[in-house]
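Residue numbers (mature numbering (1 follows the signal peptide of the UniProt record, and there is no 0)): -17 to -1, 1 to 305. In what follows, a structure is listed as structure tokens, so that the remarks can point back to it.
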Ligand code: LMR
């Protein structure tokens, strides 16, 4: 703490001489909504605080991956990260809300909930753990992929699926008698390629940019859940900044998030088409009855997590569908 404060003070003296480096680390490729938002943040900060701050962006788990990025943030080894909302379970159970299967009907509902008072209150849900939420960043809806077509829940039975480190996502696959394996994002391609796992769930942009479609024959257009992010910093770092600089950084981040969000849907649709054009993976569309079978099988998961998440939050999220 004291060291950080001293560091910040030293930093402001040094500002005239050498720009202070701020690190933004993430796990995805640069040609994704999160990758683009991080680069926009760098551009804006270096434009508005020239010579004072420089932003180094580390994509593709180059600096930190799923297993250590939040710990690194709390140690001030990195100043901004944007993990998916599924990856905060060790710091708060409230964000498990976003993993409930078939909670949001589309990204408009997700946006509406995130902008509501209930959604905004969750940005502060890790304050006591020293983590400050600066905003939500979109990726999009998740699809299931496997080497056999998944049309009905029974098609997933007995198969192994990679999930992010989330008990809700594990329960979602338990509900269809499949096995969930929690693994970092950086390992997914190899696990699929070597057939150590049968399938995974992700957005079109991640499935395309990580080449999962090259090692998965079928992608079911299930839109069964959301994969979004929270851009976070550490309370200690944030407070150590001079108030006027913090204000500029916050504005740059808000604009970078808005930019990423404006790209997300288009990027996912573009990458969906590129996957179809590649002919390496076939997109499986569900009939209304097939989709209902997945909803019926997976929705009971909500009840298991209601106490941890809070019924008020679930109700507020459901209301955003209207
Ligand atoms: C995943 O682990 O599948 C995603 O959270 C990766 C990401 O950051 O989009």
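Yeah, the Cβ is synthetic: ideal placement off N, Cα and C, and Gly gets one too.
So residue i and residue j are in contact, right, with Cβ under 8 Å, and what is the actual spacing, rounded?
{"i": "residue 127", "j": "residue 133", "result": "5 Å"}
{"i": "residue 130", "j": "residue 201", "result": "7 Å"}
{"i": "residue 144", "j": "residue 181", "result": "7 Å"}
{"i": "residue 39", "j": "residue 75", "result": "Actually they are not in contact, since the Cβ atoms of residue 39 and residue 75 sit about 28 Å apart, beyond 8 Å."}
{"i": "residue 118", "j": "residue 236", "result": "7 Å"}
{"i": "residue 20", "j": "residue 239", "result": "5 Å"}
{"i": "residue 292", "j": "residue 80", "result": "5 Å"}
{"i": "residue 99", "j": "residue 271", "result": "Rounded, the Cβ-Cβ distance is 29 Å, inconsistent with contact."}
Select from the options the residue whose C-alpha is nearest the C-alpha of residue i.
{"i": "residue 194", "options": "271, 215, 259 and 5", "result": "259"}
{"i": "residue 56", "options": "26, 220 and 24", "result": "220"}
{"i": "residue 77", "options": "38, 304 and 285", "result": "285"}
{"i": "residue 204", "options": "72, 172 and 264", "result": "264"}
{"i": "residue 47", "options": "167, 151, 146 and 68", "result": "167"}
{"i": "residue 162", "options": "59, 138, 65 and 32", "result": "138"}
{"i": "residue 158", "options": "50, 273 and 283", "result": "283"}
{"i": "residue 14", "options": "232, 294 and 254", "result": "254"}
{"i": "residue 206", "options": "175, 273 and 218", "result": "273"}
{"i": "residue 34", "options": "142, 89, 228 and 173", "result": "228"}
{"i": "residue 177", "options": "160, 165 and 199", "result": "199"}
{"i": "residue 72", "options": "12, 147 and 142", "result": "147"}
{"i": "residue 353", "options": "165, 141, 30 and 45", "result": "Lying outside -17 to 305, the shown extent of the chain, residue 353 is not represented and no answer is given."}
{"i": "residue 142", "options": "225, 175 and 233", "result": "175"}
{"i": "residue 11", "options": "277, 44 and 29", "result": "44"}
Roughly how many angstroms lie between the CA atoms of residue i and residue j, to the nearest whole one?
{"i": "residue 6", "j": "residue 42", "result": "11 Å"}
{"i": "residue 169", "j": "residue 22", "result": "20 Å"}
{"i": "residue 251", "j": "residue 120", "result": "14 Å"}
{"i": "residue 3", "j": "residue 113", "result": "22 Å"}
{"i": "residue 296", "j": "residue 289", "result": "9 Å"}
{"i": "residue 52", "j": "residue 94", "result": "25 Å"}
{"i": "residue -17", "j": "residue 17", "result": "With a pLDDT of 47 at residue -17, under the threshold of 50, the modelled position of that residue is not reliable, and no figure is offered here."}
{"i": "residue 124", "j": "residue 87", "result": "9 Å"}
{"i": "residue 246", "j": "residue 281", "result": "30 Å"}
{"i": "residue 243", "j": "residue 24", "result": "10 Å"}
{"i": "residue 32", "j": "residue 59", "result": "21 Å"}
{"i": "residue 249", "j": "residue 287", "result": "35 Å"}
{"i": "residue 50", "j": "residue 223", "result": "26 Å"}
{"i": "residue 179", "j": "residue 262", "result": "23 Å"}
{"i": "residue 308", "j": "residue 196", "result": "With the chain covering only -17 through 305, there is no way to say anything about residue 308."}
{"i": "residue 256", "j": "residue 266", "result": "10 Å"}
{"i": "residue 268", "j": "residue 172", "result": "23 Å"}
{"i": "residue 231", "j": "residue 225", "result": "10 Å"}
{"i": "residue 111", "j": "residue 104", "result": "14 Å"}
{"i": "residue 36", "j": "residue 233", "result": "13 Å"}
{"i": "residue 277", "j": "residue 153", "result": "15 Å"}
{"i": "residue 208", "j": "residue 279", "result": "14 Å"}
{"i": "residue 298", "j": "residue 30", "result": "42 Å"}
{"i": "residue 275", "j": "residue 294", "result": "23 Å"}
{"i": "residue 140", "j": "residue 160", "result": "5 Å"}
Under 7 Å between the Cβ atoms of residue i and residue j?
{"i": "residue 183", "j": "residue 84", "result": "no"}
{"i": "residue 216", "j": "residue 62", "result": "yes"}
{"i": "residue 213", "j": "residue 27", "result": "no"}
{"i": "residue 314", "j": "residue 300", "result": "The chain is shown only over -17 to 305; residue 314 falls outside these bounds and no answer can be derived."}
{"i": "residue 82", "j": "residue 149", "result": "yes"}
{"i": "residue 9", "j": "residue 54", "result": "no"}
{"i": "residue 210", "j": "residue 305", "result": "no"}
{"i": "residue 115", "j": "residue 218", "result": "yes"}
Measure from the C-beta of residue i to each C-beta in chain C and report whether the shortest distance is under 7 Å.
{"i": "residue 174", "result": "Given the protein chain composition of this structure (a single chain), no chain C is represented."}
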